[in-house]
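Each residue of the sequence shown is one higher than the one before, starting from 1 at the first, in UniProt numbering.
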Amino acid sequence: MFHHSINETLSLSLLHPHMAPELYRLVADNRAHLSPWLGWVAHTVSPADSAGFIRQSLHDYADGKRLICGLHYHQTRPVLVGTISFNEILPATGRASLGYWLGERWQGQGLMTLACQAMTRLAFEHYGLEKVQISAATGNTRSRAVCERLGATLEGVITRAESVNGVVHDHAVYGLFRDSMALQVEAGE
1 MFHHSINETL SLSLLHPHMA PELYRLVADN RAHLSPWLGW VAHTVSPADS AGFIRQSLHD
61 YADGKRLICG LHYHQTRPVL VGTISFNEIL PATGRASLGY WLGERWQGQG LMTLACQAMT
121 RLAFEHYGLE KVQISAATGN TRSRAVCERL GATLEGVITR AESVNGVVHD HAVYGLFRDS
181 MALQVEAGE
């Protein structure tokens with residue numbers, strides 16, 4: 001199964017069924033923080049919901065459709081602090097869509113930027129893709145800041161892209177490209 005150490009304190013791994021209670025607690029503890037941006041939060045009302053999500057994500061991974069990882073911060077033991085995923089992997093077009101969320105207390109430490117860098121490298125080096133696309137609500141300044149720290153190109157804004165809990169959001173669409181990443185590596189960034 002997929003596991004990737006980003007550094008000595010941060011790792012990614014496929015979500016496993018035994019993680020369902022911890023994933024549910026993280027969502028429940030961050031419900032007010034996540035609900036404005038993620039519609040599925042309102043439908044996650046028990047550990048069984050998280051278990052069902054994990055089961056489906058493992059099937060999708062086996063079918064090559066998606067890769068959904070837990071983001072773990074290692075203190076005395078690994079703690080699940082969020083998730084990051086290729087919500088779609090489209091080899092025919094050479095693209096993956098990247099999504100992520102982080103528990104509120106873990107924000108502002110650069111954890112998600114590191115995780116996105118690792119997933120982007122995976123998209124280009126393992127999957128052989130050409131583009132990673134990130135779509136974030138225009139009002140979600142923290143998510144958009146991650147895109148900007150990554151050096152992603154703002155490709156445009158899709159108006160009225162999504163309704164979350166009765167609020168309609170426009171989405172800023174960002175792209176990260178294989179050739180741009182190669183240039184960053186050559187420049188030592």
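From the three backbone atoms N, C-alpha and C, an ideal C-beta is built for every residue, glycine too.
Task: Whole-number beta carbon distance between cysteine 69 and serine 50, since they are thought to touch under 8 Å - done: Position 50 of the sequence shown, counted from the start, is the residue given in the question as residue 50. Position 69 of the sequence shown, counted from the start, is the residue given in the question as residue 69. Not really, about 15 Å apart at Cβ, beyond 8 Å.
Task: Stretch pair the segment 125–134 + the segment 168–179: three plus CB contacts closer than 8 Å - done: yes
Task: Minimum Cβ-Cβ distance from histidine 59 to chain D less than 8 Å - done: Reference to chain D is not applicable here, since this structure consists of a single protein chain.
Open item on the list: Any contact between the segment 140–157 and the segment 17–32? By contact I mean 3 or more CB pairs, one from each, below 8 Å.
Closed with: no
Open item on the list: So, for tyrosine 24: in the same chain, excluding its five sequence neighbours on each side, which residues have a beta-carbon less than 6 Å away from its beta-carbon?
Closed with: By one-based count along the sequence shown, residue 24 stands at place 24. Contacts found: Pro47, Ser50.
- [ ] Can you say whether histidine 169 is buried or exposed, counting buried as having 16 or more other CB atoms within 10 angstroms of its CB?
- [x] Residue numbering aside, residue 169 sits at position 169 when the sequence shown is read from its first letter. Counting Cβ neighbours within 10 Å, histidine 169 comes out buried, since at least 16 surround it.
Task: Exposed unless 16 or more other CB atoms sit within 10 angstroms - verdict on residue 190 - done: Nothing in the structure corresponds to residue 190, since the chain is present only between 1 and 189.
Task: Inter-residue Cα distance where the pair is threonine 141 and glycine 64 - done: Start at 1 with the first residue of the sequence shown, and residue 141 comes out as number 141. Start at 1 with the first residue of the sequence shown, and residue 64 comes out as number 64. Their Cα atoms are separated by approximately 31 Å.
Open item on the list: To the nearest angstrom, how far is the alpha carbon of serine 97 from that of threonine 113?
Closed with: By 1-based counting over the sequence shown, the position of residue 97 is 97. By 1-based counting over the sequence shown, the position of residue 113 is 113. The alpha-carbon atoms of serine 97 and threonine 113 are separated by roughly 16 Å.
Open item on the list: What residue range does the beta strand (DSSP E) around proline 78 cover?
Closed with: Residue mapping note: residue 78 aligns to position 78 of the sequence shown, counting from 1. From DSSP, the beta strand (DSSP E) with proline 78 extends over 78–90.
TODO: State the Cα-Cα distance for the pair proline 36 and asparagine 30, rounded to the nearest angstrom.
DONE: Translated into the one-based positions of the sequence shown, residue 36 becomes position 36. Translated into the one-based positions of the sequence shown, residue 30 becomes position 30. About 11 Å.
- [ ] Note down, one range per segment and in chain order, each alpha helix (DSSP H) of at least 4 residues found wholly within the segment 7–93.
- [x] 20–29, 31–34, 47–62
Open item on the list: Taking the alpha-carbon of arginine 105 as reference, which of His3, Ala137, Leu26, Glu22 has the nearest alpha-carbon?
Closed with: Indexing the sequence shown from 1 puts residue 105 at position 105. Nearest of His3, Ala137, Leu26, Glu22 to arginine 105, Cα basis: Leu26.
Open item on the list: Give me the DSSP bridge partner(s) of phenylalanine 177.
Closed with: Position 177 of the sequence shown, counting from 1, holds the residue named residue 177. Partner(s): Lys131.
Task: Proximal residues to serine 180 (C-beta, below 8 Å), its chain only, five neighbours per side dropped - done: If you number the sequence shown from 1, residue 180 lands on position 180. Excluding sequence neighbours, serine 180 sits near Gly151, Thr153.
Open item on the list: Quick check on this structure: which residue in Leu80, Leu38, Arg66 has the alpha carbon closest to the alpha carbon of glutamate 88?
Closed with: Numbered from its first residue, the sequence shown carries residue 88 at position 88. Cα-wise, what sits closest to glutamate 88 is Arg66.
Task: DSSP three-state assignment for alanine 187, whether helix, strand or coil - done: As a first step, residue 187 is located in the sequence shown; it is residue number 187 there, counting from the start. Residue confidence for alanine 187 is low, a pLDDT of 42 falling below 50, so the modelled location carries little weight and cannot support an answer.
Task: Counted within 10 angstroms of its Cβ, other Cβ atoms place phenylalanine 2 as buried (16 or more) or exposed - done: Mapped onto the sequence shown, residue 2 falls at position 2. Its Cβ having fewer than 16 others within 10 Å, phenylalanine 2 is exposed.
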